[in-house]
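Following the numbering used here, the numbering of the sequence shown begins with 1407 at its first residue and continues without gaps.
Report on the following structure.
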Amino acid sequence: RTTETVKKQIEDLKLDGKVIEMTSDQISNMDIGKNVDRVAASKEFGFIRQFKDGSFEIVINKDKPAVGTAAHEFIHAALYNTLKKDPSAQTKFGDALTDVWQNDANASFTEKGMEIFNRRVGQYSESEGRGEEIAAISSELMLDGEMELTEQGLNKIKGIFRRFAQNRLGADIKFDTPQDVKNFMID
């Protein structure tokens, strides 16, 4: 279901991207590029291929189904043009999200959710895009019910996304309701 929702979001937002579902064998035989280990990629739940022209492909491994993979990769696609692989911008973005996650009563994790968040975010350095991963991992945790945001928390996240879009793209992202933010994070 999440994969279909992400496909619809790509279409609705008129993004130049697509979702491809493949088996591990198909992934291990695809031309991913000379600097990518196809065998290692075939063992992942999924991954995103970002192209220089701004287009992207989200590849989902059908042999390793995970509910939040498409949503996780879609967050990367949505943030790619905003953060432009800029570690400094990603860090500021991730720090702003983390501040809400850790210091705001409007955000809560289950014990398991907090353990997953800390473990997975801790696997990334700043140069590896930890800030962007904070958003992607959070979207999975929300989808899995391991993290929750109140309406006030969603409004704070709306402000973070809006500010980054204005500062990095010179454009305003519009989230008309807190539910729009939640949908963006989990769809």
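Note that CB positions come from ideal geometry on N, CA and C, so glycine has one too.
With Glu1452 and Ile1438 assumed to form a contact (beta carbons below 8 Å), what rounded beta-carbon distance in angstroms separates them? Before going on, a small fix: residue 1452 reads as Gly here, not Glu. With 8 Å as the limit, Gly1452 and Ile1438 do not qualify as a contact, their Cβ atoms being about 13 Å apart.
For Val1527, list the residues DSSP reports as bridge partners. According to DSSP, Val1527 bridges with nothing at all.
Whether or not the stretch 1557 to 1567 and the stretch 1518 to 1529 are in contact is what I'm after, with contact meaning three or more pairs of Cβ atoms, one per stretch, closer than 8 Å; do they touch? no
Taking the alpha carbon of Phe1523 as the point to measure from, which residue in Gln1432, Trp1507, Gly1565 and Glu1534 has its own alpha carbon closest? Trp1507
Taking a contact to mean a Cβ-Cβ separation below 8 Å, would you say Ala1483 touches Leu1421 in this structure? yes
How far does the alpha helix (DSSP H) with Ile1464 in it extend, from its first residue to its last? No alpha helix (DSSP H) holds Ile1464; the beta strand (DSSP E) holding it covers Phe1462 to Asn1467.
If we require 3 or more residues per run, which beta strand (DSSP E) segments fall completely within the stretch 1491 to 1517? 1513 to 1515
Based on the DSSP output, what are the partners of Lys1424 in its beta bridges? Glu1463
From Val1412 to Gly1460, what does the alpha carbon distance come to, in whole angstroms? 17 Å
For Glu1450 and Asp1501, what's the separation of their Cα atoms in angstroms? 27 Å
Residues in the same chain with beta-carbon distance under 8 Å from Met1428, minus the five sequence neighbours each way, listed in chain order, please. Met1436, Val1465, Ile1466, Asn1467 and Lys1468
Proximal residues to Glu1479 (C-beta, below 6 Å), its chain only, five neighbours per side dropped: Gly1452, Ile1454 and Ile1464
Rounded straight-line distance, which links the Cα of Arg1526 to that of Phe1581: Low confidence applies to Phe1581: its pLDDT is 49, below 50, so where it sits in the model is not reliable enough to give any reading.
7 Å CB neighbourhood of Ala1542 in its chain, flanking five on each side removed: His1478, Ile1481 and His1482
Let me make sure I understand the geometry here. Which of Ala1446, Leu1419, Lys1440 and Asn1441 has the alpha-carbon closest to that of Ser1430? Ala1446
Pull up the distance between the alpha-carbon of Gln1456 and that of Ser1514, whole angstroms please. 32 Å
Going by DSSP in three states, Glu1539 sits in which element: helix, strand or coil? helix
Measuring CA to CA, which of Ala1472, Glu1410, Gly1423 and Ile1563 is closest to Lys1458? Gly1423
With a threshold of 6 Å on Cβ separation, who are the neighbours of Gly1537 within its own chain once the five nearest residues in sequence on each side are excluded? Gln1496, Thr1497, Phe1499 and Gly1500
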